[in-house]
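Undergrad: Pasting in a structure now, in structure tokens, and then I'll have a few things to ask.
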């Protein structure tokens, strides 16, 4: 199993228009594009493998500046971002995503170990908030809720 690495070339992700919400129901044949951001490469890999097996296109980043660059270049359907990332913390990265006209409509799931950061994350503009440790299954359920995908719609391992 391989995980897609981010690359600058290639097609852009599908984006909602300003007059449509980000969580428009998607066609059953489309693969959601997910950007996973965590300082720990093992966490990124675990989440990426699981989400890829469910039929997602997955890209990863390990710091806040890389997350901003990847989000602008890829325009993913959803971003799963740890708040505890180097160079530019997750809350500031979320704030900057929301300030950009090209990325402000991308839903961001904030993930952290710090129970006191919930308010800060929502003030920064996250769409959803999960506490670590959280399983890839919980992350997938949150992605499905944000994108209005039925959890059963996912491609099961071996069906691709």
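In my numbering, the protein residues as written are -8 to 151.
Beta carbons: idealized from backbone N, C-alpha and C, even for Gly.
1. Note down the Cα distance separating residue 102 from residue 122, rounded to an integer number of angstroms.
2. Can you look up residue 70 in the DSSP assignment and give me helix, strand or coil?
3. Kindly indicate the opening and closing residues of the alpha helix (DSSP H) around residue 56.
4. How would you call residue 133, buried or exposed, if buried means at least 16 neighbouring beta carbons within 10 angstroms?
5. Classify residue 79 as helix, strand or coil using the three-state DSSP reduction.
6. Within 10 angstroms of its Cβ, does residue 58 collect 16 or more other Cβ (buried), or is it exposed?
7. Would you decide whether residue 139 is buried or exposed? Buried here means 16 or more other CB atoms lie within 10 Å of its CB.
8. What does residue 100 pair with, by DSSP beta-bridge criteria?
9. Nearest-angstrom Cα distance between residue 94 and residue 113?
10. Residue 78 to residue 120, Cα distance in whole Å?
11. Can you round the beta-carbon distance between residue 76 and residue 30 to whole angstroms, since I take them to be within the 8 angstroms contact cut?
12. In the structure shown, what three-state DSSP assignment does residue 45 receive?
TA: In this structure, then:
1. The residue given as residue 102 occupies position 111 in the chain shown. The residue given as residue 122 occupies position 131 in the chain shown. Rounded to the nearest angstrom, the two C-alpha atoms are 6 angstroms apart.
2. Against the chain shown, residue 70 aligns to sequence position 79. Secondary structure of residue 70 (DSSP, three-state): strand.
3. Residue numbering aside, residue 56 sits at position 65 when the chain shown is read from its first letter. Per DSSP, residue 56 belongs to the alpha helix (DSSP H) from 55 to 65.
4. Working through the chain shown from its first residue, we reach residue 133 at position 142. Looking at its Cβ environment, which holds 16 or more other Cβ atoms inside 10 Å, residue 133 is buried.
5. The sequence position of residue 79 within the chain shown is 88, counting from 1. Coil.
6. Here residue 58 refers to the residue found at position 67 of the chain shown. Looking at its Cβ environment, which holds 16 or more other Cβ atoms inside 10 Å, residue 58 is buried.
7. Here residue 139 refers to the residue found at position 148 when the chain shown is read from its first residue. By the Cβ-count criterion, residue 139 is exposed, with fewer than 16 other Cβ atoms from all chains shown falling within 10 Å of its own Cβ.
8. One-based indexing of the chain shown puts residue 100 at position 109. DSSP output for residue 100 lists 71, 119 as bridge partner(s).
9. Here residue 94 is taken as the residue at index 103 of the chain shown, counted from 1. Here residue 113 is taken as the residue at index 122 of the chain shown, counted from 1. Their backbone Cα atoms lie some 17 angstroms apart in a straight line.
10. Numbered from its first residue, the chain shown carries residue 78 at position 87. Numbered from its first residue, the chain shown carries residue 120 at position 129. Distance between the alpha carbons of residue 78 and residue 120: 21 angstroms.
11. Along the chain shown, one-based indexing puts residue 76 at 85. Along the chain shown, one-based indexing puts residue 30 at 39. The C-beta distance from residue 76 to residue 30 rounds to 5 angstroms, short enough to meet the 8 angstroms contact threshold.
12. Translated into the one-based positions of the chain shown, residue 45 becomes position 54. In this structure, residue 45 counts as coil in the three-state DSSP scheme.
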